[in-house]
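Here the structure comes first, spelled out in C-alpha cells, and everything after it is commentary.
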Ligand SMILES: Cc1cc2nc3c(=O)[nH]c(=O)nc-3n(C[C@H](O)[C@H](O)[C@H](O)COP(=O)(O)OP(=O)(O)OC[C@H]3O[C@@H](n4cnc5c(N)ncnc54)[C@H](O)[C@@H]3O)c2cc1C
C-alpha cells in the first residue's frame, strides 16, 4: 500500500472573526461568551452536537474546584441550578446534564457569537509562526474560518499541536490518567443508599468504611480491583447517583486506534457495576441505569508548553504571579493512577489557593494563539489540579477577555499589556489580588 499521498484543495473562507474559539467545554464556552460580551465577533467551533464538553457530553459532575470571587464560574453554577454549598461541601452534588444542554446552549446564544456545532477542527491556517484561522469540516465539507486570535479550548491542545507548538503527554513514562465513562442511575433508596464523593471520603457502610468494603469485595472476586473506588455522587434529583468509577488504563485518546477499544470496555464495565449494585449494595437493589456519557471522559492528553510551565509544587505553596489572570484557584492534585487503580500517590496533595499566570496560556513559539482549559502549560502533576471545571471556566473567561482586547487594540497576545487585561478583569468584579 502507498504510504503517503499529496493532498491539496482550495477552500472557501466562510467568515472572518475577531476571535475563534475551538472547543465548547467549560473553558471554551466561557472564552466565547467573555469575548462576545467585550464586543468581539466570535466563532465557537464544536465537534459534537451539543455545547458543554465534559459538562454535558462527558456526563462529568459535580463542578469541582474553586476560584476567586466574581468569575463566570459563579454565573454558570447558578445557571445550572446547583446550590453553592452542595458543590464543594460534603455532598458534591452533580448538575442535571439534560438541563445543562439547554442552559449552556442559551448561555452561548449571543448576537456576537456564531456557533458551529457538529463542526470539527481539522487544521490551522498559518502565516509564518502566526495562526490566522482554522480549517473545519462539517456536513457541508471543509471550509476555512479566519480570525484575529484563536483560542485552543479543545482539551487535547489539538489546535496548538496542528500549529506546531511543543506539547507533552502524561508523566515521564508517557502514561496518562485513565479514561472513565460516567453514568447515572435512578431508583436508589435514599434512606439506605450510601453516597461516596471520592477517595478522601470516609463514609461508612454499617461499621466499615465504604471504600474498604468495596476493596474487600474486590479481593473476594465480586468486583474487579480497578473498579473498587466506587464514587457515587448525589445529583439534583432524589434517588439518583452519578457514578464515576469505570476506568481503562494505558489509553491515549488522541490515538484513533485506542478510542473504540476503550469505549467498549468502559460500557461493559457499566454492566459489571450494575450487577455489583444489585447484589451487594444496600439501597441499590432496584436501581437502574438511565444514561451515560455520549463520549468517553478524558482526563489527560496533551499539555501545550507555553511561555511559563507551572508546577504542582508552586501551586501547593499558593503561588502568586505579577501576571495573574486566574486567582485563588483551589483543588487537590488528583492523579487517578495511570498504571492501576485508585490514586497514583499514597498521600493527597492539598494546594493553597494559587494563581495562574498569563504566560501559561501563550504557546511558546506560536503567535495569535491562546490555550484555555486542561491543555494549558503545566506539568503532569500541576494539570491534575487545574483541570477541574471551575478553574477551566475562569481560565476561559480570562483568555476570552484577552483575545477580545487583542482585537480591539490590533495587537498579538504577546504584545497585549497584561496590566490592562487585569484592570479589565477586576473592573468586571473578578478578584485577582490578595
Ligand atoms: C471521568 C472524568 C471525571 C471528572 N470529574 C470531574 C469532576 O467531578 N469535577 C470537575 O470539576 N472536573 C472533573 N473532571 C475534569 C474536567 O471535566 C475536565 O478537565 C474539564 O472538562 C476540561 O475542560 P476543557 O474545557 O478544557 O475541555 P473539555 O470539557 O474536554 O471540552 C473540550 C471541547 O472541545 C471539543 N473539541 C475537541 N476537539 C475538537 C475539534 N477537533 N473540533 C471541534 N471541537 C473539538 C470537544 O468536543 C469538547 O466539547 C473529570 C474529567 C473526567 C474525564
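Residue numbers (the numbering used here): 1301 to 1734.
All residues carry an ideal CB built from backbone N, CA and C; glycine is no exception.
Cα atoms of residue 1699 and residue 1447: separation of roughly 15 Å, rounded to the nearest angstrom.
The beta-bridge partner set that DSSP reports for residue 1610 consists of 1678.
As a beta-bridge residue in DSSP terms, residue 1654 pairs with 1629.
Ranked by Cα distance from residue 1639, the first of 1464, 1403, 1548 and 1437 is 1548. If you draw a straight line from the Cα of residue 1410 to the Cα of residue 1650, it comes to about 38 Å. The closest CA to that of residue 1706, considering only 1647, 1675 and 1669, is found on 1669.
The shortest CA-to-CA distance from residue 1695 to any of 1378, 1326 and 1518 is the one to 1326. Residue 1692 is positioned such that its CB atom lies no closer than 7 Å to that of residue 1678. Between residue 1581 and residue 1500, the alpha-carbon positions lie close to 20 Å from each other.
In this structure, the beta-carbon distance from residue 1323 to residue 1453 falls below 7 Å. For residue 1317, the three-state secondary structure derived from DSSP is strand.
A straight line joining the alpha-carbon of residue 1561 with that of residue 1718 spans about 45 Å. Classified as buried, residue 1515 has 16 or more neighbouring CB atoms from the shown chains inside 10 Å of its CB. Out of 1590, 1602, 1655 and 1442, the CA that lies nearest to the CA of residue 1621 is found in 1655. Burial check for residue 1671: the Cβ neighbour count within 10 Å reaches 16 or more, so the residue is buried.
Rounded to whole angstroms, residue 1364 and residue 1309 show a C-alpha spacing of 44 Å.
Not one heavy atom of ligand 1 falls within 6 Å of the beta-carbon of residue 1662. Distance from the CA of residue 1689 to the CA of residue 1301, rounded to the nearest whole angstrom, comes to 45 Å.
By the Cβ criterion, the segment 1679-1686 is not in contact with the segment 1346-1361, since fewer than three pairs of Cβ atoms, one from each stretch, lie closer than 8 Å.
At least one heavy atom of ligand 1 lies closer than 6 Å to the C-beta of residue 1673. With contacts defined as CB atoms closer than 7 Å, residue 1412 and residue 1342 qualify as a contacting pair. Taking 7 Å as the cut-off, the Cβ atoms of residue 1608 and residue 1660 count as close. Residue 1416 has 1345 as its beta-bridge partners, per DSSP.
Here residue 1535 has 1394 and 1542 as same chain residues with Cβ atoms under 6 Å from its own Cβ, once five neighbours each way along the sequence are excluded.
In terms of side-chain proximity, the C-beta atom of residue 1685 is found no nearer than 6 Å to any non-hydrogen atom of ligand 1. Three or more beta-carbon pairs separated by less than 8 Å link the segment 1474-1486 to the segment 1590-1604, which places the two stretches in contact.
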